[in-house]
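Heads up: the sequence shown runs through residues 60 to 241, numbered per the working numbering. Glycine included, C-beta positions come from ideal geometry on N, C-alpha and C. Computed from a predicted model, the values in this text were never measured in an experiment. This report concerns only the one structure given below.
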Amino acid sequence: FGLYTALALRRLGPTGRLHAFEPNPRMQRLLERNARSPIAGQVTRHELGLSNQEGHAEFVIAEDSAYSSLADTRRTGVAETLRVAITTLDAFVRANAVPRVDVMKIDVEGFEHEVLSGGSALLSREDAPAILIEIAEQNLGARGRKRGEVIELLRGHGYAVSAVRADGALLPATGDFAGPEV
60 FGLYTALALR RLGPTGRLHA FEPNPRMQRL LERNARSPIA GQVTRHELGL
110 SNQEGHAEFV IAEDSAYSSL ADTRRTGVAE TLRVAITTLD AFVRANAVPR
160 VDVMKIDVEG FEHEVLSGGS ALLSREDAPA ILIEIAEQNL GARGRKRGEV
210 IELLRGHGYA VSAVRADGAL LPATGDFAGP EV
């Protein structure tokens with residue numbers, strides 16, 4: 060709910076820019092409230108979803124908002140659906156003349172493959188961003204995808220992919236890692 064945005068603001072420096080994407084209007088309000096700081100002018104919030112295509116898509120607002128996504132995760136009931144604007148990472152970078160992306164944090168409840176697929180040019184660059192991504196097999200499974208597909212997509216762009224354990228240790232990521240410690 061904007062926690063990572065607030066933390067990133069502390070590290071941006073005077074010339075840094077932060078783009079926060081959130082298609083859910085309810086979460087937009089939380090993002091706005093949580094992102095307040097002396098350098099909040101460096102943050103641009105986009106009421107927009109990221110995907111592998113441009114246009115519009117149905118956004119599923121789950122009863123437990125943590126599972127809201129551009130796809131029903133089937134982990135909780137659906138409160139409502141609404142039509143939202145979507146774009147790709149590559150189209151956004153191009154349209155906004157973003158010269159460089161240092162870090163991306165992706166938490167899209169099972170839509171990771173689509174978001175990353177829409178950023179092929181960005182992810183293939185020599186100065187490709189570091190990525191912190193939450194990948195839940197349950198969320199992907201509701202869409203017929205597997206964690207290994209996302210990992211292989213990243214590796215295909217030259218990324219070394221690691222899993223972070225609860226104690227902070229890094230493990231090589233595999234398509235079948237699981238357990239409460241990861």
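Quick one, are the C-beta atoms of residue i and residue j less than 8 Å apart?
| i | j | result |
| --- | --- | --- |
| Glu193 | Arg206 | no |
| Val209 | Glu171 | yes |
| Val152 | Leu181 | yes |
| Pro82 | Glu106 | yes |
| Val143 | Ala121 | no |
Express the C-alpha separation of residue j and residue i in angstroms, rounding to a whole number.
| i | j | result |
| --- | --- | --- |
| His115 | Glu139 | 16 Å |
| Ala79 | Val102 | 7 Å |
| Ser28 | Arg85 | The first residue shown for the chain is 60 and the last is 241, placing residue 28 beyond what the model contains. |
| Ala232 | Ala189 | 15 Å |
| Ala67 | Lys164 | 10 Å |
| Gly217 | Glu211 | 10 Å |
| Gly72 | Tyr63 | 16 Å |
| Asp123 | Asp166 | 15 Å |
| Leu229 | Val223 | 5 Å |
| Pro158 | Glu185 | 13 Å |
| Ala125 | Gly227 | 23 Å |
Near residue i, what residues of its chain come up, given a Cβ to Cβ distance below 7 Å and the 5 sequence neighbours on each side ignored?
| i | result |
| --- | --- |
| Ala154 | none |
| Asn111 | Thr147, Glu173, Ser176, Gly177 |
| Arg149 | According to the sequence as given, residue 149 is Asp; it is not Arg. Cβ neighbours of Asp149 beyond the five flanking positions: Gly177, Gly178, Ser179, Ala180, Leu181. |
| Ser183 | His216 |
| Gly75 | Gln101 |
| Leu77 | Thr64, Ala67, Leu68, Leu71, Gln101, Val102 |
What do you get for residue i, buried or exposed, if any count of 16 or more other CB atoms within 10 angstroms of its CB means buried?
| i | result |
| --- | --- |
| Thr132 | buried |
| Leu141 | exposed |
| Glu168 | buried |
| Gly108 | buried |
| Val160 | buried |
| Ser127 | buried |
| Arg70 | exposed |
Candidates the options: which alpha carbon is nearest residue i's?
| i | options | result |
| --- | --- | --- |
| Ala187 | Gly215, Glu117, Leu199 | Gly215 |
| Leu199 | Tyr63, Leu129, Val157, Ser124 | Leu129 |
| Gly234 | Ala228, Gly227, Arg204 | Arg204 |
Spatial neighbours of residue i within its chain, please: CB distance less than 8 Å, with the 5 preceding and 5 following residues excluded, ordered by chain position.
| i | result |
| --- | --- |
| Ile145 | Pro82, Leu107, Gly108, Leu109, Ser110, Gln112, Glu113, Gly114, His115, Ala116, Leu129 |
| Ala201 | Ala130, Asp131, Thr132, Arg133, Arg134, Gly169 |
Taking 6 Å as the limit between beta carbons, can you name the residues of its chain near residue i, skipping five residues before and five after?
| i | result |
| --- | --- |
| Leu213 | Val220 |
| Ala156 | none |
| Leu246 | Coverage of the chain is limited to positions 60 through 241, which leaves residue 246 absent and any answer about it impossible. |
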